[in-house]
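Numbering (this note's numbering), first residue to last: -10 to 183.
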């Protein structure tokens, strides 16, 4: 069952006063028109904490109000490429100062991921060549073909150096094992099929 409306402070104080006068939970409930369990809960809270008002919840309150969260979610839904910096500026204009980390936490809490685009450096020659090919304009067709050929040769050579054939592990001058070649088994005419 959902939470019902809270009792006012006057009603709570009246329940405590009637309890101090010696009345039971059921009698107080009938007199004030409240349930017995509600009366008991208020009296137990008063006995434990010596107060009838609701105590504040533990932890820090939320920086962004529910209205601010709905504003963020609406903007991200309409424009998925919105950055956290833009959301921070929008909230600042609305009167709430938060950090990008808070925005990311709020998005994650509502089922979205906030991520930064990764920028990879062009470390190898093949990366530079691929970048040059992709940024080539329509006028440089000859240069484009040349760059493609260079990139293909570079990649072919770099792959060839990483292969580990059995000859590479053999000491120099020793005979190659029979039946094994750089591309697979070698036909040996001395071997007769049984």
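Every residue gets a Cβ at the ideal spot worked out from N, C-alpha and C, and that includes glycine.
Under 8 Å by Cβ, that's how I've got residue 27 and residue 34 pegged, so tell me the actual separation to the nearest angstrom. About 11 Å separates the two Cβ atoms, so there is no contact after all.
Roughly how many whole angstroms lie between the Cα atoms of residue 150 and residue 102? Bear in mind that the predicted position of residue 150 carries a pLDDT of just 44, short of 50, making it unreliable; the figure below should be weighed with that in mind. Residue 150 and residue 102: Cα-Cα distance of roughly 41 Å.
Beta-carbon proximity check, residue 73 vs residue 92, cutoff 9 Å: yes
Could you check whether the segment 50 to 65 touches the segment 82 to 101, counting it as contact only if at least three pairs of C-beta atoms, one from each stretch, sit closer than 8 Å? yes
Could you work out which residue in 21, 13 and 9 is closest to residue -4 when comparing CA atoms only? Looking at 21, 13 and 9, the one whose alpha-carbon comes closest to that of residue -4 is 21.
Quick one: what's got a C-beta closer than 8 Å to residue 54's C-beta in the same chain, skipping five residues either side? 85
State yes or no: is the C-beta of residue 23 within less than 9 Å of the C-beta of residue 17? Between residue 23 and residue 17, the gap from beta carbon to beta carbon is short of 9 Å.
Determine, using beta carbons only, whether residue 36 and residue 25 come nearer to each other than 9 Å. no
Among the candidates 83, 0 and 5, whose CA atom is the shortest distance from the CA of residue 56? Checking every option, the nearest Cα to that of residue 56 belongs to 83.
Residues in its own chain within less than 7 Å of residue 152 by CB, not counting five upstream and five downstream? At residue 152 the pLDDT is 45, less than 50, meaning the model places this residue with poor confidence; the figure from the coordinates comes in the next sentence. So the list is empty, once near-sequence residues are dropped.
Here's the rule: buried if 16 or more other CB atoms are within 10 angstroms of the residue's CB, otherwise exposed. What is residue 1? Classification of residue 1: buried, given that the 10 Å Cβ count is 16 or more.
What is the residue span of the alpha helix (DSSP H) that residue 7 lies within? For residue 7, the enclosing alpha helix (DSSP H) begins and ends at -2 to 9.
Could you tell me if residue 38 is buried or exposed, where buried requires 16 or more neighbouring beta carbons within 10 angstroms of its beta carbon? When all chains shown are included, residue 38 counts as exposed.
Let's see if you can read the secondary structure: which residues bound the alpha helix (DSSP H) around residue 80? 73 to 83
Is the beta carbon of residue 87 closer than 9 Å to that of residue 113? no
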